[in-house]
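Comments concern the structure below.
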Amino acid sequence: MHINANCECNENTSKNNKQQTNKQTNMTNHYSDIRIQQQIDGTMQWVPAPPDFAAAYMQYKARPAYSPEVPSNYETRFLVYRVENNCYMPTRIQRSDTGDTHAIMDCADVKVFLQDAEPVNWYPARNYQMWAFRDFIYDPARPERKFYASKYSSHLFFQRGSSNRTVTDIDIDGLSPNIIFSISRNENGSVYYERNDAQGTRVRICDHEGARAGFRGFYNRITMDPGMIVSQAPAQAPQFQQSNAPYASPTISEILLAVASQPMPYYTASSASCSIPLQLPPGISTMKTSVEDDQCILCYENAKNLTFSPCGHNVTCSECYPKLIKPRECPVCKQCITSLR
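Using the numbering used here, the first residue of the sequence shown is number 364, and each one after it goes up by one.
Right under this line is the structure:
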């Protein structure tokens, strides 16, 4: 699809934009690896972007993190945009004179959100994670899930549901064998990779600073209070079977709205009683979900299946609830939790 990149721009503005973009490019050369996808010898390959392509892309990236996702016009010659103006979709660059379009990305700006790191934050992805992320995002088939493995990996270690025919070899030499994981999307389009461990741990992975800042802000807002600090799980933590039972939970925006509009509580839990979890509802069970708004804010894996009474907030699953340092105090509004349902 051809996108019109024409706009009015006087000569002085063009020169100023070029000078500013050159400055931005020089400042970030050591931290960027901007590449475009080209067909070479019959195969699509990622090659370093020409200087003018890189400058156009850097102008696109230089916008404030919370700016709306809209196309960026560079000197009326290039248009850089995300497919569907969606921060989780591929980035393209289009020449206004020929209409030629290429996939483009900064391969040095793919990051993963690590909750088992100190501090919890976005960290640069490993080279094989970046390779798989790029392969997944720019796959024209838009698969729901793809399996990846380093070269010479044994099929005995493949993830459930995968086989030699469905696993994509990571085309990076020197990797240890049996590096195995998959990449999928949540229903809102955000991308995560699933580790090949017993828990199938999910880790967010993203190349868009605005999306990363938004997710980090949400995580901070929910976990900044001491009541949300996670402690080690009890040695005999109860195990639950998955269930298809229906459940209802507020969206992330509703949670944030509730936090912002909540009046001061009439009473709070005492420090002595806060450390003792309440008894879980009988017969409660957990269910995994890929719907981000429905996920427990601690594990980002199970669906939220507990409602605190009397405040009515619903933010955790029954497996993570006992891990709260203050399991008798609502982490959202600070009211005392008298029962769980």
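In this text, a Cβ means the ideal position worked out from N, Cα and C, and glycines have one as well.
(request) Might you give, ordered along the chain, the residues of its own chain that have their beta carbon closer than 6 Å to the beta carbon of Tyr437, omitting 5 neighbours on each side? (result) Ala419 and Gln422
(message) If you measure between the beta carbons of Arg704 and Ile639, is that distance less than 8 Å?
(response) no
(request) Flag Cys683 as yes when its Cβ comes closer than 7 Å to any non-hydrogen atom of the ligand PLP, and as no otherwise. (result) Within the structure as shown, the ligand PLP is missing, as the structure has no ligands at all.
(message) Only counting the same chain, and skipping five residues up and downstream in sequence, which positions put a Cβ closer than 6 Å to that of Phe520?
(response) Asn541 and Ile543
(request) Compare the C-alpha of Gly537 against each of Ser516, Ile660 and Thr439 and name the closest. (result) Ser516
(message) Within the continuous beta strand (DSSP E) that includes Glu557, where are the two ends?
(response) Val554 to Arg558
(request) Going by CA-CA distance only, name the one from Arg497, Arg558, Leu669 and Thr439 that's closest to Arg523. (result) Arg558
(request) Rank Cys674, Thr679 and Pro685 by C-alpha distance to the C-alpha of Lys697 and give the top, closest one. (result) Cys674
(message) Short of 8 Å in beta carbon distance, which residues of its chain neighbour Pro672, apart from the five on each side in sequence? Order them along the chain.
(response) It should be noted that the sequence gives Ser, not Pro, for residue 672. Ile700, Thr701, Ser702, Leu703 and Arg704.
(message) Using only the alpha-carbon positions, how far apart do Phe496 and Ile568 sit?
(response) 8 Å
(message) So, under 8 Å CB-CB, Tyr444 and Pro434 are touching, yes? Tell me the CB distance rounded to an integer number of Å.
(response) 4 Å
(message) Just to confirm the assignment: which complete beta strand (DSSP E) runs, minimum length 3, are found wholly within the segment 503-535?
(response) 508-513 and 530-533
(message) Considering Cα atoms alone, identify which of Thr649, Asn549 and Phe476 is closest to Ala576.
(response) Phe476
(message) As a quick exercise: from Ala428, Ile403 and Thr406, pick the residue whose alpha carbon is nearest that of Ile573.
(response) Contrary to the premise, residue 573 reads as Gly rather than Ile in this sequence. The candidate whose alpha carbon is nearest that of Gly573 is Ala428.
(request) Can you tell me which of the three DSSP states Lys381 falls into? (result) For Lys381, the predicted model reports a pLDDT of 44, less than 50, meaning its position is unreliable and no value from the coordinates is stated.
(message) Which same chain residues end up closer than 7 Å to Thr679 when comparing Cβ atoms and leaving out the 5 residues on each side of it in sequence?
(response) Cys659, Ile660, Leu661, Lys667 and Leu669
(message) I want to know whether the segment 546-565 touches the segment 457-464 - three or more CB-CB distances under 8 Å.
(response) no
(message) I'd like to check one pair, Ile546 with Lys509: are the Cβ atoms closer than 8 Å?
(response) yes
(message) When you compare the CB positions of Gly552 and Tyr451, do they come within less than 8 Å of one another, or not?
(response) yes
(request) Could you name the residues of the same chain whose beta carbon sits closer than 8 Å to that of Asn449, not counting the 5 residues immediately before and after it, in chain order? (result) Glu432 and Gly552
(request) Following the continuous beta strand (DSSP E) through Arg565, name the residue where it begins and the one where it ends. (result) Arg565 to Cys569
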